[in-house]
Each structure stands twice: as structure tokens, then as C-alpha cells.
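Trainee: Before anything else, here's the structure in question.
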Amino acid sequence: MVKPIVNILNFKVLYNILFEMKGSLNFDLNHFEKEKELIEMIETKKVLENSIILTKKKTINPTYSFENILVLDDLPISIADLLDKINISLLKQKYNFQSNFNIKSYKLDLNSRTISKYNKKLKLTEREIDIILFIYNNKEPQSVETLQREVWGYSENLETHTVETHIYRLRKKIGDEFKDEEFLISHKKGYSI
Numbered sequence: 004m005v006k007p008i009v010n011i012l013n014f015k016v017l018y019n020i021l022f023e024m025k026g027s028l029n030f031d032l033n034h035f036e037k038e039k040e041l042i043e044m045i046e047t048k049k050v051l052e053n054s055i056i057l058t059k060k061k062t063i064n065p066t067y068s069f070e071n072i073l074v075l076d077d078l079p080i081s082i083a084d085l086l087d088k089i090n091i092s093l094l095k096q097k098y099n100f101q102s103n104f105n106i107k108s109y110k111l112d113l114n115s116r117t118i119s120k121y122n123k124k125l126k127l128t129e130r131e132i133d134i135i136l137f138i139y140n141n142k143e144p145q146s147v148e149t150l151q152r153e154v155w156g157y158s159e160n161l162e163t164h165t166v167e168t169h170i171y172r173l174r175k176k177i178g179d180e181f182k183d184e185e186f187l188i189s190h191k192k193g194y195s196i
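Residue numbers (the numbering used here): 4 to 196.
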């Protein structure tokens with residue numbers, strides 16, 4: 004899994020301190036001297052996905068709405084408190100991201116394990132979510148053997164009908180609730196979304 008990124012805006016001293024600790028941090032670092040550089044990065048590479056902006060004061064251009072800004076307005080601060088604030092901010096962002104995952108015309112909420120469409124909501128199992136995400140994140144249809152290996156962690160004892168049974172039940176649940184027989188499509192080479 005890709006580490007989240009803390010984008011530090013115009014705070015070189017803090018960047019240098021955290022950079023020295025990078026081996027023990029659960030996030031990567033970027034430093035931007037000027038807001039314009041950060042805005043360009045956001046516009047070209049979508050740097051805000053899986054990241055936060057850390058700044059001394061809220062100087063970000065008001066035409067942009069950034070929800071993931073951590074403003075350090077209560078300086079001085081201990082490193083332990085700073086790391087707590089950063090980690091809490093990253094966790095909130097991850098939670099919000101997992102609550103709003105779009106697949107086709109559906110909204111998948113990993114936190115509540117539901118899939119919804121048109122004000123209808125369907126509860127899913129953790130395995131069903133794993134199946135949906137794995138198939139969705141791969142462009143080509145996924146074979147039963149690939150699903151068995153990648154989603155189940157492949158076991159010699161796992162029979163292929165276990166995967167097929169899960170797929171059948173998932174397709175039936177979605178078909179019954181949303182009247183959609185095309186969400187999870189079966190091909191000769193496997194399954195796709």
C-alpha cells in the first residue's frame with residue numbers, strides 16, 4: 004500500500020526535522036516553498052489524494068477548497084503532539100475516502116460495508132468488498148484462479164467452487180436489490196466490473 008504524503012507548505016525547518024525521522028514515520032514528505040508550487044502540483048498530479056497539507060497559517064488560495072489542511076497555529080508544539088495531529092488528520096482523510104468510493108454508478112462505503120444506489124443500500128460482507136475492489140482495480144477480467152490466489156490468499160484446500168459460490172451470491176444480492184445484472188460481468192476469461 005502507498006504511504007500517505009504530508010505536503011509541508013513554507014515551513015522548511017519542520018520539513019528538515021521530519022525528514023531526519025522519515026525512517027520511523029508512516030508517511031512520506033514533500034516541501035513547497037510557495038503556495039503556487041503546491042497548487043500546480045495539485046492541478047497536475049492530484050497530490051491531495053492520500054495526503055494532507057501542513058502549514059503555519061491558512062494561506063491557501065481561497066478559490067481552492069481543501070478539506071485536508073492541518074494548520075499549526077498553536078506553536079510551539081512538541082514532536083509527539085505534532086505527529087499525533089498529523090496521524091489523526093491522515094486517519095480522518097482515510098475514513099472519509101473510504102466512505103465515498105465510487106464504482107460505476109454505485110457508492111461503496113468501506114467503513115459501513117455497504118453499497119448504495121438510488122437511495123437503496125445493501126450490506127456486504129468483508130469478502131464481498133474484497134472481491135469487488137480486486138475486480139474493479141484490474142482492467143482485465145479476473146479468473147477464478149486469480150481471485151482464489153489474490154483475494155483468498157490461495158489455499159490448497161480451497162475449492163474453486165468456493166470462489167464461484169461467493170461470486171454467485173454477490174451477483175444475486177446486487178441483482179435482487181438493484182435489479183442490475185451487469186454490475187459483475189462473467190466472461191470466458193473471468194469476471195469484470
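Think of the CB as a built atom: it goes at the ideal place given N, C-alpha and C, for glycine as much as any other residue.
All of these numbers come straight from a predicted model, not from anything done at the bench.
Gln22: which of Gln145, His34 and Leu94 sits nearest, CA to CA?
Mentor: Looking at the sequence itself, residue 22 is Phe, so the reference to Gln does not match. Among Gln145, His34 and Leu94, the Cα nearest to that of Phe22 belongs to His34.
Trainee: Does the Cβ of His71 have 16 or more other Cβ atoms within 10 Å, making it buried, or fewer, making it exposed?
Mentor: Reading off the sequence shown, one finds Asn at residue 71, where the question assumed His. Result: buried.
Trainee: Hey, could you find the ends of the alpha helix (DSSP H) Ser119 is sitting in?
Mentor: First-last for Ser119: Thr117 to Lys120, but that is the beta strand (DSSP E), not the alpha helix (DSSP H).
Trainee: Please determine, among Leu41, Glu38, Ile8 and Val166, the residue with the shortest C-alpha to C-alpha distance to Asp31.
Mentor: Considering only alpha carbons, the answer is Ile8.
Trainee: Compare the Cα-Cα distances from Asp133 to each of Gly26, Asp179, Arg152 and Glu143 and report the closest residue.
Mentor: Cα-wise, what sits closest to Asp133 is Arg152.
Trainee: To the nearest angstrom, how far is it from the Cα of Glu119 to the Cα of Ile138?
Mentor: Position check: residue 119 holds Ser in this sequence, whereas Glu was assumed. In a straight line, the C-alpha of Ser119 is about 18 Å away from that of Ile138.
Trainee: Quick one: residues in its chain with C-beta nearer than 7 Å to the C-beta of Phe181, no 5 flanking neighbours on either side, listed in chain order?
Mentor: Correct list, in chain order: Lys120 and Lys123.
Trainee: Please check the pair Ile106 and Ile196, which I expect to be a contact at CB under 8 Å, by giving their CB distance rounded to whole angstroms.
Mentor: So it is a contact: roughly 6 Å between Cβ atoms.
Trainee: Give me the Cβ distance between Gln96 and Asn114, rounded to the nearest whole Å; I'm assuming they're in contact under 8 Å.
Mentor: About 13 Å separates the two Cβ atoms, so there is no contact after all.
Trainee: Could you pull out every unbroken alpha helix (DSSP H) segment of at least 4 residues lying fully inside the region 10-41, listed in chain order?
Mentor: For the region 10-41, whole alpha helix (DSSP H) runs of length 4 or above, ordered along the chain, are 15-23.
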